[in-house]
Amino acid sequence: MPQESDVENEPPSDRGKIRRLLDEDIVRKTIASPRDIPRRMREEITEILAEELISGYDVRDIWKFTGRYGAFYPVLATLKQSDEWKKLKELAERGHLASSIVMKSLLPLVLDLIEKFLKQPSAAEKELGEKSKMILDEFKRIIEETIELWGRRAVRPGPKDWAAINQRLEKLLAEDTKMSIMERIRAGIQGALPGLASKIKEEIEAMETLALLFPGRLWDFAMMDLYKTLLANIESYAKLLETSSDLKRILDMLGRIELEYGARRIQVTNYGASEVYSVRTSKDIQYILPMELLKLGDDTLKYLFLAQFVEGKLLTYQLRGRNWAGGPPKKKRRGPVVALVDTSGSMHGAPELTAKAVVLSITKKMLKEKRDVKVILFSSTDQAKEIEMTQRSRMAAEFLDFMRYSFGGGTDFNTALKFGVSALREKKWASADLLFITDGLSKISDQSMLKDWGSLKRSNDARAYSIIVGNDDPGGLTAISDETYLLRGINDWELEHSPARIIKVIK
Amino acid sequence: MLDKLVALSEELNQNFKEREEEIAGSLLALFSGEHVLFLGPPGTAKSLLARNICSCIEGGQFYQYLLTRFTTPEEVFGPLSLAALQKDAFNRKIAGYLPTANVAFLDEIFKANSSILNSLLTVLNERKFHNGSEVVDVPLLAAFGASNELPEENESLEALYDRYLFRYFIRYIQDETNFQELILEKREDFSPKTKIALKELEIVRKEARDLEIEEDVLSIILTLRKEFKAKGYSISDRRWKKILNVFKVAAAGLGRKSVDRSLIPVLQHMTWDKPDQKEAIRNIVIDLTISGGINLDKLKKDVEDLRDTVEKFRDYTFPKVVICGSCKAKLETWNKLTEHKKKNQDHNYSIEGEDSDYYNSNMDYDNLLSKFKKLGWQIQISLDEWHAKKFNEDMLSFDGDMNDAKGKMEKERDRLKDLLAKNLWICEKDRRDVMDRYDNKIKTLHEIEGILGKLKDTIPKTENIPLPKKERRGGFI
């Protein structure tokens, strides 16, 4: 009995993704740039690549496909077999931004590969044997004619026009000759693909950083320049920190929002049996419909009853009832952070770069997790600057300024703590924790400040953490810090191996 | 036949207010042998409408039942035959039940429970009923279903939902006059006087089989399929096939010789899965009906992209930066300068690094251009031959699409209007929408034409428009 439902064939998560990708400006602009391949075919190739990238595209009717897309088929087939393609697909899974960038870089490459056959200089072919030369020439002609058909406007090509090309391709791609063409394409792909994924990855990451800092402003290539001059250097370090499991652990501890039970609650499910829900056929004799019992009264029907009982075909009530539903409790959501960054002159040099990298990686991570960050830059007495990076407002310009300018001035922890405490008194940041990033070369002298902090700690259950950079001594913050970490070895950072040795100081 | 149809639908429309779409769709479903689902809150005359449409079939067996979660197979497919059982056979007495009905109405259809679901699906889809060892052909024309809500997910009812090709969302009456007429209506026993014989349905179906599908209808369907796919609305191949069959029957019912695009709006009731898709589908269906398969909004975007790309290629970076003296903006390229000029007509410019004499610091646009000339700067780069040729090809391809749509829209406007007016299956709202949007679409068309016209001027003409196939191939062999 055909019971398959064709209401939904694709996983729901793919809905609309392809449309969005095709509508993306940079993808559209890539299609629009001029080529030998006519516009209409560029568009269709993009559509197929988009589908392949997002939900996978398997060519089912090869000869119909080649009849329509000619040389694109062997290119697609070879592309799909390559390792680099898997990497690209993984990149595309990161989201819309990533898949757009992949598409933008990939499309010209694929189109180039097809066009390459047209532009192949004859000199290179002289080395080939007579037979493979003929094959390639024929393939070239087929591509040309495919392109010509695609470009035809006045009378649209019908199945007949395609059939001719199709036949020749079929002959050409027969087993013995197929290889030399596939070889060619494979060579083309191998020449173009290596390193593409990692190159694209860099671009995606840069764009993702920018997208976090400037939500809603995408694809502005001036932004890319900005990124290169301001952030690229710092981010290369920040990226090292991002992979650090220690930092992740610290971030996970910050902020307090209690366990959410979310979806798990009592509702009617099939596991309970407190109410009659429906009728079904089964052998649950305890829930049998009374009319079935009538059968037992008749000598013949008695056997029917028994047979149906054995087969589980008796009409019975289906029961449902209230029970736990909705799966395990949701993951604990973590809270916001107020980061206090020491911008004093003593931080100059490696500690400064490290502090910026720590702040950048923290901000990126927090924003990605939809957590709010407030960065307070402190130096001399009563000098501090607040940069809010929240879901609502992103003071991105100020943030970039912080990344750009070098530190200077004194260190006054009293000021830092004062600003930190007053931030935590705001309702929005009430559940935040403090995170000091400093070289520790100062201490807290203001007793009333310490008292304030103590009372806030009690009432809000607030905590303070310190990350000490450029110093092996935890310094003057140990008194108020719940936990202190030393970030060691910042002077000999090599991008190749992670230097982020974070050491916890035990009091 | 057409006269009869008109009379019948008039009769029904008079009795049921604001149900034009549903009546047209139901009649069409009867003719094409498809099932209709009415969704909507209680008390919207779903059942009454279905019953009345059923009753217009002359000499047909009618089966109607209100399904509940406790409905047993006996109630829908007939009681077990005791006599047969004594002869070792497991048969139902199906006479008078669903397996013998021509038209069926199943109320609260999504309450169907698992004990009847499988048999029900087979009856609806294959029109067969397994009665013991015997497979009975079910003479079912159309089954109407009514429900208050869509089936919950993860239930096997989704398969049942899919069997319904036509889906209508019925709402309460909107218009006050209609509402008054409804509540003051005294006559209780309405039943359409016009009757259609089963034979007549058969004739229409036979005629439908050989009808041609016009080219633009096919092109609309191909565009729609692509659009739905990209949007993630999945419509099965079976559904498309059935839709085309419905089109043919609809055309045959109207006495037409081919399926023309005035029938396309019917498609909106056969393609949505979730109510929130309805509006989007309706919009695109109506737009494509107007343009005959060319998505004008998309075409406009494409043409604009081409324009921007051409501009980008023609852009020119000045050897030295031009600075706007009035607002201190730095203008490095020709495009930036022209854009600036467009927004600020009366600004003055200077060139960075040039002698800052009086003339350099305060040039208006025209003086700036003459300064450019003096410095030997190009004003705007012209495209090289290859780019010009390729841009030209793209432009002409769009131009072709535009002209296709233009032809469809301008020349065939009256034809479409006429076809729609005489189209019983299209409701007044759609008819009006198509014609109302016409002007809007023509505006878009003119915008596209305008951009293309400008492009034609900017791209230098090359004489070899169609790919010079022979010449190129000569180069390779």
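Listed in order, the protein sequences are those of chains A and V.
Just so we're aligned: 258 in numbering that gives the first Met the number 0 is position 259 of the first sequence, and the numbers increase by one with no gaps anywhere.
Just so we're aligned: 67 in numbering that gives the first Met the number 0 is position 68 of the second sequence, and the numbers increase by one with no gaps anywhere.
C-beta atoms are modelled at their ideal positions from N, C-alpha and C, and glycine is treated no differently.
Opening and closing residue of the alpha helix (DSSP H) in which CYS53/V lies: CYS53/V -> alpha helix (DSSP H) spans 45 to 53.
For VAL321/V and THR208/A, the rounded distance between their alpha carbons: Taking the straight line joining both Cα atoms gives about 32 Å.
Residues sharing a beta bridge with SER496/V, DSSP: Nothing can be reported for residue 496/V, as the shown portion of chain V is limited to 0 through 476.
Inter-residue spacing [alpha-carbon to alpha-carbon] between GLU50/A and ILE283/V: GLU50/A and ILE283/V: Cα-Cα distance of roughly 22 Å.
Within chain A, the residues that LYS230/V reaches when beta carbons sit closer than 9 Å: Near LYS230/V (Cβ distances below 9 Å), the residues of chain A are ARG14, GLY15, ILE17, ARG18.
Coarse secondary structure for LYS421/V, derived from DSSP in three states: Three-state result, LYS421/V: coil.
Where the alpha helix (DSSP H) through GLN307/A begins and ends: 298 to 310 is the span of the alpha helix (DSSP H), which, as asked, contains GLN307/A.
Length-filtered (4 minimum) alpha helix (DSSP H) runs lying within the segment 324 to 376 of chain A: Unbroken alpha helix (DSSP H) runs of no fewer than 4 residues, entirely contained in the segment 324 to 376 of chain A, are found at 349 to 367, following chain order.
Beta-carbon proximity check, THR524/V vs VAL102/V, cutoff 9 Å: Only positions 0 to 476 of chain V appear in the structure, and residue 524/V is not among them; the question remains open.
Any C-beta of chain A under 9 Å from that of LEU123/V: No, its Cβ sits nowhere closer than 9 Å to a Cβ of chain A.
Assigned secondary structure, ILE141/A (DSSP; H/G/I helix, E/B strand, else coil): ILE141/A sits in a helix when the DSSP states are folded into three classes.
Sequence-distant residues of the same chain with beta carbon closer than 6 Å to TYR364/V, five excluded per side: Same-chain partners within the cutoff: LYS340.
Euclidean distance between Cα positions of PHE143/V and ARG393/A: A direct Cα-to-Cα measurement between PHE143/V and ARG393/A gives close to 56 Å.
Per-residue DSSP class, three states only, for THR337/V: In the structure shown, THR337/V sits in a helix (DSSP, three-state: H, G or I).
Exposed unless 16 or more other CB atoms sit within 10 angstroms - verdict on CYS326/V: Flag for CYS326/V reads exposed.
Residues of its chain near ILE293/V, where Cβ-Cβ distance is below 7 Å and the 5 sequence neighbours each way are ignored: Answer for ILE293/V: ASP400, ASP403, ALA404, listed in chain order.
Chain-order list of residues whose beta-carbon lies under 8 Å from that of GLU10/V (same chain, five-residue window excluded): The beta carbon of GLU10/V sits closer than 8 Å to those of PRO191, LYS192, THR193, all from its chain and outside the five residues before and after it, given in chain order.
DSSP three-state assignment for THR480/V, whether helix, strand or coil: For residue 480/V there is no data in the structure shown, the boundaries of chain V being 0 and 476.
Residues in the segment 339 to 362 of chain A having any Cβ partner in chain V nearer than 9 Å: Correct list: empty, as no residue qualifies.
Residues near PHE71/A by beta carbon distance below 7 Å, same chain, minus five either side: If we look at PHE71/A and ignore the five residues flanking it on each side, its Cβ neighbours are ILE44, ILE113.
Bridge partners - GLU482/A, DSSP secondary structure assignment: Looking at the DSSP assignment, GLU482/A forms a beta bridge with TYR464/A.
Span of the alpha helix (DSSP H), counted from its first residue to its last, around THR270/V: That residue, THR270/V, is in no alpha helix (DSSP H); it is neither H nor E in DSSP.
Length at least 4, wholly inside the segment 291 to 335 of chain V: the alpha helix (DSSP H) runs in chain order: Complete alpha helix (DSSP H) runs here, min 4: 295 to 313.
Proximal residues to THR332/V (C-beta, below 8 Å), its chain only, five neighbours per side dropped: A distance below 8 Å between beta-carbons, with the five flanking residues on each side excluded, links THR332/V to the following residues of its chain, in chain order: ASP314, TYR315, THR316, PHE317.
CB contact check: MET460/A to chain V, cutoff 9 Å: With the sequence shown as reference, residue 460/A is identified as Asp, and Met is not the correct amino acid for it. False, the Cβ-Cβ gap to chain V never drops below 9 Å.
Neighbour flag for LYS300/V against chain A, beta carbons, 9 Å: Closer than 9 Å to some Cβ of chain A, the Cβ of LYS300/V qualifies, so yes.
At least 3 beta-carbon pairs within less than 8 Å: the segment 291 to 299 of chain A vs the segment 345 to 353 of chain A: Contact fails: fewer than three Cβ-Cβ distances are below 8 Å.
Contact under 9 Å by Cβ, ILE212/V with ARG18/V: Result no, Cβ atoms of ILE212/V and ARG18/V do not sit closer than 9 Å.
Contact list for LEU300/A against chain V, beta-carbon separation under 9 Å: LEU79, LEU81, LEU84, listed in chain order.
Residue range of the unbroken beta strand (DSSP E) whose run includes ALA103/V: ALA103/V -> beta strand (DSSP E) spans 102 to 106.
Range of the contiguous alpha helix (DSSP H) that encloses GLN179/V: Membership of GLN179/V in the alpha helix (DSSP H) is indicated by the continuous run 175 to 183.
Residues near TYR276/A by beta carbon distance below 7 Å, same chain, minus five either side: Around TYR276/A, the same chain offers GLN317, LEU318, ARG319 as residues with beta carbons nearer than 7 Å, after the five sequence neighbours per side are excluded.
Spatial neighbours of GLY439/A in its chain, beta-carbon cut-off 7 Å, leaving aside the 5 residues before and after: Same-chain partners within the cutoff: ILE467, ASN470, ASP472, PRO473, GLY474, GLY475, LEU476.
Delimiting residues of the alpha helix (DSSP H) encompassing THR414/A: For THR414/A, the enclosing alpha helix (DSSP H) stretches over residues 412 to 424.
Assigned secondary structure, ASP456/V (DSSP; H/G/I helix, E/B strand, else coil): In the three-state scheme derived from DSSP, where H, G and I count as helix and E and B as strand, ASP456/V is classed as helix.
Meets three-Cβ-pair contact criterion under 8 Å: the segment 215 to 235 of chain V and the segment 171 to 179 of chain V: Too few Cβ pairs lie closer than 8 Å, so no.
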